[in-house]
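Protein chains in written order, with the numbering used here: chain A, 1 to 98; chain B, 99 to 444.
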């Protein structure tokens with residue numbers, strides 16, 4: 001029996017199909033950012049992970065930021081914050097939920 | 099087929115069930131196979147003359163493209179009849195509105211689920227239950243409309259448990275949470291028209307908790323009913339306690355509604371009275387929540403001031419649901435979301 005797949009397509013910001021980013025073979029020299037989602041202790045946990053990745057895997061500490069003015073744990077980061085992360089780091093650590 | 103397809107090894111219902119389990123799709127319950135014939139029939143009867151590949155909504159967090167066809171696929175999977183498809187389509191449109199904040203609704207650790215409230219002619223046309231047992235179980239339209247929306251959130255929006263949906267405990271409302279307004283028992287007319295949606299049929303989405311029961315059998319005194327409703331609204335564990343924009347849906351049973359109407363209370367007055375009653379001292383709320391998303395006037399309140407559980411009476415939405423008996427319910431909000439009422443359109 002032939003059935004429809006239930007998930008359909010996804011879109012990027014421009015409506016075009018989204019591509020999966022290429023997998024980086026190594027973190028050595030990669031600029032590492034942290035996006036604090038505003039939940040209690042998120043910054044503590046993400047900061048500790050960042051330190052581990054810097055210390056053990058050769059990443060370079062980069063931008064540490066919250067989601068921006070008016071944003072909170074339940075809302076998306078401000079576009080200018082995402083743009084700055086895009087400009088200033090290669091990898092961003094983010095947390096979903098608590 | 100006009101879209102990606104999957105060949106099942108057999109027509110046995112178990113084959114479909116196992117496929118979905120293997121992919122992490124579905125809601126854990128058996129499904130109806132979305133064959134081309136069933137999906138085409140759903141579209142032909144449920145959305146005649148409409149472009150099946152038009153994108154009705156983009157659903158977060160996956161940024162899934164919700165076309166009529168993929169919505170129909172999920173409606174078939176859920177067991178919907180074609181007459182329900184316009185309600186499912188309109189609910190999806192409503193959920194994609196920015197004020198709903200679907201990304202947050204889907205991704206949060208909170209057990210939030212979209213409550214769908216169906217209004218108007220489609221209630222009778224598609225067989226939605228609005229009287230006894232309206233919140234379930236036992237009615238196909240209510241059960242499968244709610245289920246279809248959940249499947250769409252899982253498959254198209256990407257609210258898969260563990261990554262797209264981080265809910266700490268989950269909740270039964272996430273299986274499906276759909277009810278119809280008992281408009282003929284409402285002393286105040288239809289809810290949708292009261293919100294300015296003057297269509298033959300409409301659907302409201304409100305993203306919140308499961309229903310909190312409120313019973314008052316002994317007195318029928320509107321003041322005592324209001325006290326009980328307010329006490330259910332004022333539990334400290336709700337997101338409304340720390341997010342003042344959060345709404346409440348108050349589902350009054352017909353007998354409670356009639357008692358209030360007999361005392362001269364209309365929707366706005368009921369909301370005002372609940373807003374006045376459902377309060378806590380600011381100091382108590384501040385002690386319980388490190389982060390407060392309150393209106394500025396609430397942030398400025400003194401510790402001894404009694405603060406409401408929501409910043410405005412306009413955030414308390416009152417409508418009539420249910421049959422004989424004296425049980426009403428409260429549906430608190432997730433908080434960072436707003437309800438939306440839209441006309442039902444294919």
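Beta carbons: idealized from backbone N, C-alpha and C, even for Gly.
For residue 329 of chain B, the secondary structure class from DSSP, reduced to helix, strand or coil, is helix.
Assignment of residue 353 of chain B by DSSP, reduced to helix, strand and coil, places it in the helix class. In this model, residue 51 of chain A and residue 61 of chain A are separated by some 8 angstroms (Cα to Cα). Against chain B, a Cβ distance below 7 angstroms from residue 76 of chain A picks out 201. 8 angstroms or more divides the Cβ of residue 208 of chain B from the Cβ of residue 311 of chain B. The C-alpha of residue 148 of chain B lies about 32 angstroms from the C-alpha of residue 419 of chain B.
Residues of chain A whose Cβ lies closer than 7 angstroms to the Cβ of residue 105 of chain B are, in chain order, 2. In this structure the stretch 321-335 of chain B touches the stretch 367-377 of chain B; the number of beta carbon pairs closer than 8 angstroms is three or more.
Residue pairing of residue 311 of chain B in beta bridges, as defined by DSSP: B:427.
Residue 124 of chain B and residue 77 of chain A have their alpha carbons spaced roughly 30 angstroms apart. In the DSSP assignment, residue 346 of chain B forms a beta bridge with B:414, B:430.
Nearest neighbour of residue 150 of chain B by Cα position, chosen from B:160, B:156, B:138, B:157, turns out to be B:138.
The stretch 229-239 of chain B makes no contact with the stretch 192-204 of chain B: fewer than 3 CB pairs, one atom from each, lie closer than 8 angstroms. Taking 8 angstroms as the threshold, the shortest C-beta distance from residue 41 of chain A to chain B does not fall below it. The continuous alpha helix (DSSP H) containing residue 136 of chain B extends over residues 134-144.
Residue state for residue 27 of chain A is assigned as coil, using DSSP reduced to three classes. Per DSSP, the beta bridge partners of residue 105 of chain B are A:2.
In summary, residue 434 of chain B is buried, with 16 or more beta-carbon neighbours lying within 10 Å of its beta-carbon over all protein chains present.
At a cut-off of 8 angstroms between beta carbons, residue 10 of chain A contacts chain B. For residue 253 of chain B, the chain A residues whose Cβ falls inside 8 angstroms of its Cβ are 6, 7, 8, in order along the chain.
Looking at the DSSP output, residue 178 of chain B shares a beta bridge with no other residue. Using a CB distance cut-off of 8 angstroms, residue 168 of chain B counts as an interface residue toward chain A. The stretch 362-405 of chain B contains, as complete alpha helix (DSSP H) runs of 4+ residues, the segments 365-375, 380-386, 394-397 (chain order). Under the Cβ criterion of 8 angstroms, residue 179 of chain B is not counted among the residues facing chain A. Under the Cβ criterion of 8 angstroms, residue 160 of chain B is counted among the residues facing chain A.
With respect to the 8 angstroms criterion, residue 350 of chain B and residue 416 of chain B are classified as neighbours on the basis of their beta carbons. Among the CB atoms of chain A, none fall inside 8 angstroms of the CB of residue 392 of chain B. When beta bridges are read from the DSSP output, residue 215 of chain B appears opposite B:277, B:302. Each residue's CA atom was taken as its position, placing residue 431 of chain B and residue 342 of chain B some 10 angstroms apart. Residue 33 of chain A sits in a strand when the DSSP states are folded into three classes. Between residue 164 of chain B and residue 153 of chain B, the CB-CB gap stays under 8 angstroms. Nearest neighbour of residue 101 of chain B by Cα position, chosen from B:158, B:256, B:166, turns out to be B:166.
For the pair residue 413 of chain B and residue 344 of chain B, the Cα-to-Cα distance works out to about 7 angstroms. Residue nearest to residue 253 of chain B within the set A:8, A:4, A:3 is A:8 (criterion: CA-CA distance).
When the beta-carbon positions are compared, residue 440 of chain B and residue 255 of chain B stay at least 8 angstroms from each other.
Each residue's CA atom was taken as its position, placing residue 317 of chain B and residue 336 of chain B some 28 angstroms apart.
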